[in-house]
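So the structure is just underneath, and the comments pick up after that.
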Amino acid sequence: MLTWFCKRRKSEDEADLVAGVLLRKAGLSLERAQFALDVLAFYGYNQSNPQQYSSILQIQQSFEAQFLPNSRSYSSIARRKQLLAQGYNLYGAPLIAGTHR
238 MLTWFCKRRK SEDEADLVAG VLLRKAGLSL ERAQFALDVL AFYGYNQSNP
288 QQYSSILQIQ QSFEAQFLPN SRSYSSIARR KQLLAQGYNL YGAPLIAGTH
338 R
C-alpha cells in the first residue's frame, strides 16, 4: 500500500513540474500559480479544522503549512512551489549545453 502512495506522490510531483512548463508556455505568472497553492491549502486546512488558520497570510508564514505534507499523496506546499518554478524555468532552456531551439 505504501508503494502506491509513493507512486502517486511521484505522479503528482511530475504533474506540478509539467504545470510549471505549461504556465511559462502560456505566458502566465509563476507567482500567481504559487499563490494559488497557498489558497488551496487554506481551503483544505479550513475544511478539516477551521480554527487552525484564519488567513492565507498565516498559511504563507507557517512552517508547518509550507514544509510538512498534509497528505500522503502530495508533497509539501514548499516542494510543490519549487517544482512549479523548476518546470517554469525549464521551458525554453536548451536540453543539451551548447544547443538552442
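Heads up: take any position in the sequence shown, counting from 1, add 237, and you land on my numbering. Glycine is no exception: its CB is placed at the ideal position from the N, C-alpha and C atoms.
Close beta carbons around Gly329, own chain, < 6 Å, minus the five adjacent residues each side: none
Delimiting residues of the alpha helix (DSSP H) encompassing Asn283: Leu267 to Ser285
Exposed unless 16 or more other CB atoms sit within 10 angstroms - verdict on Tyr290: buried
Nearest-angstrom Cβ-Cβ length linking Pro306 and Ser313, presumed shorter than 8 Å: 5 Å
Pairwise C-alpha distance: Val258 and Lys318: 13 Å
Check whether Arg246 and Ser310 have beta carbons under 8 Å apart: yes
Beta-carbon proximity check, Ala322 vs Leu267, cutoff 8 Å: yes
Separation of Asp250 from Arg316, as counted between CA atoms: 9 Å
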